[in-house]
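Visitor:
Chains as they are written, first to last, in the numbering used here: chain A, 1 to 364; chain B, 365 to 728; chain C, 729 to 1092; chain D, 1093 to 1456.
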């Protein structure tokens, strides 16, 4: 299914080398100021970066708002946003028509549907994330009204964990690292991979700053459940952990537990938006029992290295014969920095949907 | 929300110390043989084990099928299954009425709803998983018709990784380990934690054996996305990785990629159910591009140690005052072995829903 | 599917002669006072009446709230309500096992599912409406907080249109007529039908008094669309018209149009809840463009005569042979008065869902 | 909400005088031949007719398929179809910015959202039905594979009931009448209304020929419930009746009941697609217990006269003041014939969704 969300809903469509890609946002609150440049700004963050490991495909995506906005404001009607595909070089892919690239979706699409648009990966291409970023741009504007911010960075690259976190540094480097001291080291690893016609993976860390308490609900509506779903729906994502995640599973309960503190003398329940408690170290990522505490929400996401590499690889074709391929299209040595705005977008979509659902049931 | 699934749907209800818990299964194919003992068998697997780290709460859950089954077969109507709560000792929890236990859901429920059933954790208690196991028992019966089997085991306990996997050993030990050689070692760790009034976490690994190819769909319908959502909706779960997961993010592309092999001379696409290809090591957990390949599906799930421990802990009460608590109810030293049937159940629900969705769109 | 609603959701289950019937309400706002007697009161309105045309089946339904209510208030968790079936005489139906009663669902259930619980009509029996009334009772309590009331009455019986409307009279007669003057006449018609071993239909009219303006949304979310769906989902219902309905289609535009008036000098948009405009005659039933105006919502529903009659009828059995049947079970000569609380319930469910959806998107 | 359907889903967007309108179809079976001309053909049927009562707005809608089709066949991916708005004369509507037209949606949109695109009615305009017809065109192609056909006609115009039905005549006249004998009479009525600057309503009758048996499901999934919802979601529609509808409510049970016949000696249940039973007169419109019998499905829909008329009308403006208006835009004297392809489209959407849902649960 190509729809995400319950009351704030994103529906996506489009193939890599088709005429266009698009996003449709339904359930958006009316009266929100929204322009194409609000969306363009986020789309630009998703484009191939200026660093050594970026695809040369230009993706100068220009978005066009076709509905749902009147005199600069949302009307509550569905917002349709279109991006035409340009700089498409479908011929690069002709030779792959009957070949299943390793660790790609070619084979499973063919198995399931009996037909596939093989040009540039068709619907399975990372191009589809354009639509997610469009939806996320609108969701972020809604969150910004409540001073909720989402920021992601490269916590690991090629197995290197970068310990230092300086949020202000993230937007200053194309790898979206938060650790200035290790930036050069990361570039070095990347250069090496590129020279070896190889690719690199990494781990993204996403923070939601100043979230409302009370988002999410018990059992199947847990906030971390929807965040995990959102992240794993992004191509190349292979793992998710909320807060200290897998590390918690390796601690004793006495270590893992995270006591509540009271940072003031106020009652903790007086005001939802201004609760005065904190946990000692926010080990659970800002969520307890599936519901946000009001602390920062944080989680990590494993992103595998791009499957398209310049080295020769063995695989099979549609007749079952063994063949060797070298991927000739344009691709990224590392996709992680470009996945980060996509993960931020998915996070924003989850939060806005839960904000509206909370308002529906609990009225505030 | 308390409903899971699109066309095969489980709806759950009930609190730990309320009158009853229940599950409602809608969209079940008609004509399936189903009896209370089919469900009871799975409920029994979920009960506190016979090992040293188990809760003394009896949970002798007896299920009653109230609708949707006629003369031993499902009729296609909603199947309602009821489990009365017994052996409830609510007084244990009176003293916790105004106290927020660390790393529990007490505080966030209160924040969100302004009211909570504090007895035994109410809806946030692991008791709710009774309903998931009921749904899973029915889903497993549907899968069994297609010879699809789901089996989970304790891959890690207290940080110890157990390398050896013998599927036949799993049901022979109450810790649901697959590694016979290390069973005593695990018991040792558990005993130590119990003596220290502490608790232990671990990592579950779930395998789907002989799944159909073609389950799942692009973008938001990816099979691993729904599996992640399903697992993270279970209490205590803090992380999820499909196939080699986080480890993939630390490899180069040339290592991470997993070539297709052809185990016979047949065309790979001739027969959906009997495709002859394999990957070299099933690194992606049986899913590519969000769609199952037909290989075994496998993933890992991080389960944190139970937050209820016998040690004295600091926390706050509803007036914001610092208080010390020792949990007096009945609880488990390790919850992992009991979470495994729950994760299996959630996996079964996801698979059946995708089987039916695939049949809807693609007709086979 | 057995679930109704988007954020305030009723899920129903149970067969006529099974062990029990039940309703599950999810998404209910927390903090609402709710007791079994609130629900029982509405269930009692649905029972066979004390008039001449009522079924002798007792249906002394006693409801039990199993979850979601704590210390007399809703907690925001799913509310499960159970009603055990009693006074079941399944033997009456043994002889109908292989016979398809005319204008009943026997044949289509068998065709679709290949299996059916034939006892008392199974899931197709009007017994299932117990669950709707349970959901409606809770929805009505939520509406009552906003002083919104729903009231239905018998506008027609056996083709007789009753012109006079006195809302206070409705609860004083078992036929739920609003026209005191014609009550005896109606009884007369009913007696005649009963004596002829025949049955009667009629038309219900439902009024929502003092609804909020702004409920419903454009295109597929139109309020009248959801009301029509709600009403046509009730067994025996064959038609729906909003406001002047079919009569409007027979007028010229200049007659059909219904001008806005302003009953005061106030701006019409200042206050949602207290708008000062009215239309001349509320021809469109309180809804324009799919959204409530704030005027009373009103619509009519065609209810066919019960298909079970004491006269001998021709039909076929499962081998295709012609057979004659006389229905021997207990049944109603007229079902309309009992359908009215069901229609009120469905209306309440639609309104509460739209109230919460409106709050989600528009925030008030 | 702007999405319709559960597994075969249409999502719509666009305003009357915005840049474009569009439809997104998700869940379409793969491998279906589909071209722009398939859709164009249906769009052309929806355009203003060549008769005396048609709007002079040209609406030369040209559709563009942007995704989901590859080499002439659907791929199973979402199908996005775009129609640019042309021949837009927004100035006609400037003067209506602060005026609420009687029986239009202007006032309720303003009340609900606090903002509205007043140009040409914005989202409330009949222009939105372009998207429904696009979705319907695809649904009809799927139905055609199973030889299921949908055809609608004008059963009443301006209160005149046209008794004779000749299906072959429908496409030969712009009023979509099935009664050749009365065509001139209808034209006469229409001419009169137009000369009086007035408008006309009518009743549409829709037939589904050769439907599968077994579509629909009990309780909230009844086929007639979804059909009613579908029809009432179309602007100007004020009533719906399945089969003999309101007339049934005025009969005795012995008249209303409709016996099963067996047209051959075959068992009625052997073959789903070729069942040999019929009812005497198909009084229930081809649906019993919410499930299709396999007989033709038929129902009627009340369409009110267009609210935009050339006569001077009283209404109020946004300050609450009384004003007089004459509608100056381009409009239709009768909208019924143009609504028919829209109702057919909605019917097709309902049927395909139920076909796929049936296949999901029951597997055939």
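For each residue, glycine too, the CB sits at the ideal point set by N, CA and C.
Have a look at the DSSP bridge pairing and note the partners of residue 324 (chain A).
Guide: A:314
Visitor: Compare the C-beta of residue 377 (chain B) with all C-beta atoms of chain C and state if any pair is closer than 7 Å.
Guide: yes
Visitor: Quick check: the stretch 89-98 of chain A against the stretch 1124-1143 of chain D, are there 3 or more CB pairs under 8 Å?
Guide: no
Visitor: Check whether the Cβ of residue 233 (chain A) sits closer than 6 Å to any heavy atom of the ligand SAH, and report yes or no.
Guide: As presented, the structure is devoid of all ligands, the ligand SAH included, so that no description of it is given.
Visitor: Out of curiosity, what's the CA-to-CA distance linking residue 1390 (chain D) and residue 144 (chain A)?
Guide: 51 Å
Visitor: Along chain C, which residues have their Cβ under 7 Å away from the Cβ of residue 437 (chain B)?
Guide: 843
Visitor: Check whether the stretch 401-413 of chain B and the stretch 493-503 of chain B are in contact - that is, three or more C-beta pairs closer than 8 Å.
Guide: Cβ pair count under 8 Å is three or more, so yes.
Visitor: Skipping 5 residues on each side, what residues in its chain have a beta carbon closer than 6 Å to that of residue 1001 (chain C)?
Guide: Low local confidence applies: a pLDDT of 44 at residue 1001 (chain C) is under 50, so the model's placement there is unreliable, and no value is given.
Visitor: Reducing DSSP to helix, strand and coil, say where residue 754 (chain C) ends up.
Guide: strand
Visitor: Which of the three DSSP states is assigned to residue 175 (chain A) in this structure?
Guide: The answer is coil: DSSP assigns residue 175 (chain A) none of H, G, I, E or B.
Visitor: If the cut is a Cβ gap below 8 Å, which residues of chain A does residue 622 (chain B) touch?
Guide: 102 and 103
Visitor: Is residue 638 (chain B) helix, strand or coil by DSSP?
Guide: Unreliable placement is indicated for residue 638 (chain B), whose pLDDT of 46 sits below 50; no coordinate value is reported for it.
Visitor: Give me the chain A residues within the contact set of residue 670 (chain B), using Cβ-Cβ distance strictly less than 7 Å, ordered along the chain.
Guide: 253
Visitor: What are the residues of the stretch 581-593 of chain B that lie near chain E, defined by any Cβ-Cβ distance shorter than 9 Å?
Guide: Absent from the structure is chain E; the protein chains it does hold are A, B, C and D.
Visitor: Under 7 Å, do residue 1019 (chain C) and residue 1200 (chain D) count as touching if we go by C-beta distance?
Guide: yes
Visitor: By how many angstroms is the C-alpha of residue 773 (chain C) removed from the C-alpha of residue 885 (chain C)?
Guide: 19 Å
Visitor: Whole angstroms is fine: what's the gap from residue 1444 (chain D)'s alpha carbon to residue 847 (chain C)'s?
Guide: 32 Å
Visitor: Using a Cβ-Cβ distance cut-off of 7 Å, determine whether residue 356 (chain A) contacts chain C.
Guide: Yes, because at least one Cβ of chain C sits closer than 7 Å to the Cβ of residue 356 (chain A).
Visitor: Whose Cβ in chain B lies nearer than 7 Å to the Cβ of residue 1093 (chain D)?
Guide: Ordered by position in chain B, no residue passes the 7 Å Cβ test against residue 1093 (chain D), which lies about 16 Å from the chain.
Visitor: Measuring CA to CA, which of A:169, A:218, A:256 and A:228 is closest to residue 806 (chain C)?
Guide: Comparing Cα-Cα distances from residue 806 (chain C) to each of A:169, A:218, A:256 and A:228, the minimum goes to A:218.
Visitor: Secondary structure at residue 70 (chain A), three-state DSSP: helix, strand or coil?
Guide: strand
Visitor: Who are the near neighbours of residue 1086 (chain C) in its chain, counting only those whose CB is closer than 7 Å to its CB and skipping five residues on each side?
Guide: 942 and 943
Visitor: What is the residue span of the beta strand (DSSP E) that residue 877 (chain C) lies within?
Guide: Here the beta strand (DSSP E) through residue 877 (chain C) covers 877-885.
Visitor: Going along the stretch 18-31 of chain A in order, which residues come within less than 8 Å of chain D, judged by CB to CB distance?
Guide: 18, 19, 20, 21, 22, 24, 26, 27, 30 and 31
Visitor: Does DSSP classify residue 475 (chain B) as helix, strand or coil?
Guide: helix
Visitor: Measuring CA to CA, which of D:1134, D:1454, D:1239 and D:1253 is closest to residue 1225 (chain D)?
Guide: D:1134
Visitor: Which whole-angstrom value describes the C-beta separation of residue 170 (chain A) and residue 344 (chain A), a residue pair presumed to lie in contact below a C-beta threshold of 8 Å?
Guide: Not confirmed; about 11 Å, so no contact.
Visitor: In or out: residue 543 (chain B) buried (at least 16 other Cβ within 10 Å) or exposed?
Guide: buried
Visitor: Would you report the Cα separation of residue 657 (chain B) and residue 394 (chain B), rounded to the nearest angstrom?
Guide: 28 Å
Visitor: Using only alpha-carbon positions, find the residue among C:959, C:926 and C:1063 that is nearest to residue 1040 (chain C).
Guide: C:926
Visitor: Quick check for students: name the residue ranges of the beta strand (DSSP E) that lie wholly in the stretch 183-262 of chain A, counting only runs of 3 or more.
Guide: 202-209, 237-242 and 260-262
Visitor: Note down, in chain order, all residues in the stretch 231-246 of chain A with a beta-carbon under 9 Å from any beta-carbon belonging to chain D.
Guide: none
Visitor: If we define contact as Cβ-Cβ less than 7 Å, is residue 1203 (chain D) a contact residue for chain C?
Guide: yes
Visitor: Assign residue 734 (chain C) to one of three DSSP states: helix, strand, or coil.
Guide: coil
Visitor: Measuring only between beta-carbons, confirm whether residue 1175 (chain D) sits less than 7 Å from chain C.
Guide: no
Visitor: Could you tell me whether the Cβ atoms of residue 414 (chain B) and residue 575 (chain B) are closer together than 7 Å?
Guide: no
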